[in-house]
Amino acid sequence: MVKAALLTPNLTMGGAEMWVVSLAASADRRRLQWTGAVVSGWGGLDPYLCRRLSDHVPVHTHDGGWNGQPGAERLATRYFQKIHHDFGDAIRAACRGADVLVAWGGVDPKYYAPELNIPIVQTSHTTEPAVNRPGGFRPALHLAAVSEAARAHFASVGADREIAVLYNGADFARCQPRLGRKKIRQQWGLHDDDVAVGYLGRHSPEKNPQAAVEAVSCLPNNHFAIYYGGPTPRDQTTTQQLRQQASRLAPGRTVFEPSIEHVGDPLAGLDVFMLASQREAFSLGLIEAWIAGVPVVATAVGSLPELEQRFGKLTIRVPLRATPQQLAGAVREAREQQGQDNARRAQQIALEHFTSEAMSRRWADYLYGIVAPQSPRRQRKRNRFTPAKLVNK
Numbered sequence: 008m009v010k011a012a013l014l015t016p017n018l019t020m021g022g023a024e025m026w027v028v029s030l031a032a033s034a035d036r037r038r039l040q041w042t043g044a045v046v047s048g049w050g051g052l053d054p055y056l057c058r059r060l061s062d063h064v065p066v067h068t069h070d071g072g073w074n075g076q077p078g079a080e081r082l083a084t085r086y087f088q089k090i091h092h093d094f095g096d097a098i099r100a101a102c103r104g105a106d107v108l109v110a111w112g113g114v115d116p117k118y119y120a121p122e123l124n125i126p127i128v129q130t131s132h133t134t135e136p137a138v139n140r141p142g143g144f145r146p147a148l149h150l151a152a153v154s155e156a157a158r159a160h161f162a163s164v165g166a167d168r169e170i171a172v173l174y175n176g177a178d179f180a181r182c183q184p185r186l187g188r189k190k191i192r193q194q195w196g197l198h199d200d201d202v203a204v205g206y207l208g209r210h211s212p213e214k215n216p217q218a219a220v221e222a223v224s225c226l227p228n229n230h231f232a233i234y235y236g237g238p239t240p241r242d243q244t245t246t247q248q249l250r251q252q253a254s255r256l257a258p259g260r261t262v263f264e265p266s267i268e269h270v271g272d273p274l275a276g277l278d279v280f281m282l283a284s285q286r287e288a289f290s291l292g293l294i295e296a297w298i299a300g301v302p303v304v305a306t307a308v309g310s311l312p313e314l315e316q317r318f319g320k321l322t323i324r325v326p327l328r329a330t331p332q333q334l335a336g337a338v339r340e341a342r343e344q345q346g347q348d349n350a351r352r353a354q355q356i357a358l359e360h361f362t363s364e365a366m367s368r369r370w371a372d373y374l375y376g377i378v379a380p381q382s383p384r385r386q387r388k389r390n391r392f393t394p395a396k397l398v399n400k
């Protein structure tokens, strides 16, 4: 069994933060045990993620300001095991008894706890190149990325190291409906013959959330744009602009809801999931839509090209900076037979390879290889879908 610790710069509602929670929640304790998690306190906290993470692992933090977020200290006090005065003490507490530390966000744990003598894995959740500076990734002998595309994050700092590609996974239970399609659509004010085009996630510029309402604006009046999510602590402007654009382009045909813990019902109510991002590493929302069986319109960014090369067509593609007319055409195509066939194929593949349990097995294999690289057990555990692909930069 491998004992490991987790480090995250924040617990706001994003894919990387959900990845941390999913790893903690879905681990097979016979193979992988998490000794603790450390949250730096620099980027903000989400109540749902704080509760979920603390349900599965002792969480340590320090008062780093939480990006000035109101109520963050109350959340940390309620859910975390301890708020330390020193960030190094929080790292030491989370790593006590651990064989390895898994981190993301470029935080250098050895800068704060120099005596830390366990292997460190730094993980990439973005395709943006990292800033080439001392600290951060340099002390980490092990680098991992959530897709082939996300390896680009290490371009300036990982030229002499192997990079493991370990694909993301989503929580199956979180994607299952509770109310059902009819009731959630009634809450939105939709009729049976209305078409719901939705986006679930952060309102940030690179996600291009306005694509859903742009598509709807070019479609008949029975088409609606459905949004679940909201601003990040550092960016309120994108949400304001999105609401203004919705009022102008599709007045009365846009529904805005806050982030939700359980996405099964919104996904059940959608006819098309829109993910026209400018960049992604491996979108959690994409996997969740696949698990729920929703046809997806998406740009060919992040993990999608490599997955479609492996498995065949999984989405209806649109170009980067697609026009509203192109987005609308893709929505029509997603509702036709090709879009439905794509959705069924994607659902089958996601359930086999991209659940949080499958992701956790990949990470257990990878971490076991770091701690005990010669173990025959690790070789026996490999399945036909390679858990971790090592790539020389």
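Residue 400, in this note's numbering, is where the sequence shown stops; the numbers in between run on with no holes. Cβ coordinates follow ideal geometry from the N, Cα and C atoms, glycine included.
Based on DSSP bridge pairs, tell me the residues matched to residue i.
i      : result
Glu221 : Partner(s): none; Glu221 has no beta bridge.
Ala232 : Val204 and Thr261
Val109 : Leu13 and Val128
His91  : His69
Leu52  : Leu18
Under three-state DSSP, which class holds residue i?
i      : result
Ile356 : helix
Lys10  : strand
Ile98  : helix
Phe7   : Absent from the model: residue 7. The displayed extent of the chain is 8 to 400, so no value can be given.
Thr322 : coil
Val153 : coil
Gln243 : coil
Trp41  : strand
His129 : Residue identity check: residue 129 is Gln in the sequence provided, not His. Note: Gln129 maps to strand in three-state DSSP.
Val270 : coil
Val27  : helix
Val378 : helix
Report back the beta-carbon spacing between residue i and residue j to the nearest angstrom; my notes put them in contact at under 8 angstroms.
i      : j      : result
Arg260 : Asn228 : 7 angstroms
Ala151 : Val128 : 6 angstroms
Ala31  : Ala44  : 7 angstroms
Ile98  : Pro116 : 5 angstroms
Val303 : Gln252 : About 22 angstroms separates the two Cβ atoms, so there is no contact after all.
Ser154 : Ser310 : 4 angstroms
Could you compute how far the alpha carbon of residue i sits from the alpha carbon of residue j?
i      : j      : result
Gln347 : Arg250 : 30 angstroms
Pro312 : Thr322 : 10 angstroms
Glu135 : Cys225 : 32 angstroms
Thr133 : Ala288 : 5 angstroms
Arg369 : Gly21  : 21 angstroms
Lys320 : Asp96  : 48 angstroms
Tyr373 : Ala100 : 24 angstroms
Ala34  : Glu315 : 27 angstroms
Val222 : His67  : First, the residue type needs correcting, since residue 222 is Ala and not Val in the sequence shown. Using only the alpha carbons, I get a separation of about 44 angstroms.
Ala157 : Ser367 : 19 angstroms
Glu122 : Cys102 : 12 angstroms
Leu274 : Ala257 : 21 angstroms
Is there at least one non-hydrogen atom of the ligand GTP closer than 8 angstroms to the beta-carbon of residue i?
i      : result
Gly259 : The ligand GTP is absent from the structure shown, which contains no ligands of any kind.
### Query
Going along the chain, which unbroken runs of the beta strand (DSSP E) with 3 or more residues stay wholly within the segment 155-214?
Counting only runs that start and end inside the segment 155-214, the beta strand (DSSP E) elements of at least 3 residues fall at 169-172 and 202-207.
### Query
What are the start and end residues of each continuous alpha helix (DSSP H) run of 4 or more residues lying completely inside the segment 280-355, in chain order?
List check, alpha helix (DSSP H) in window: 291-299, 311-318 and 331-341.
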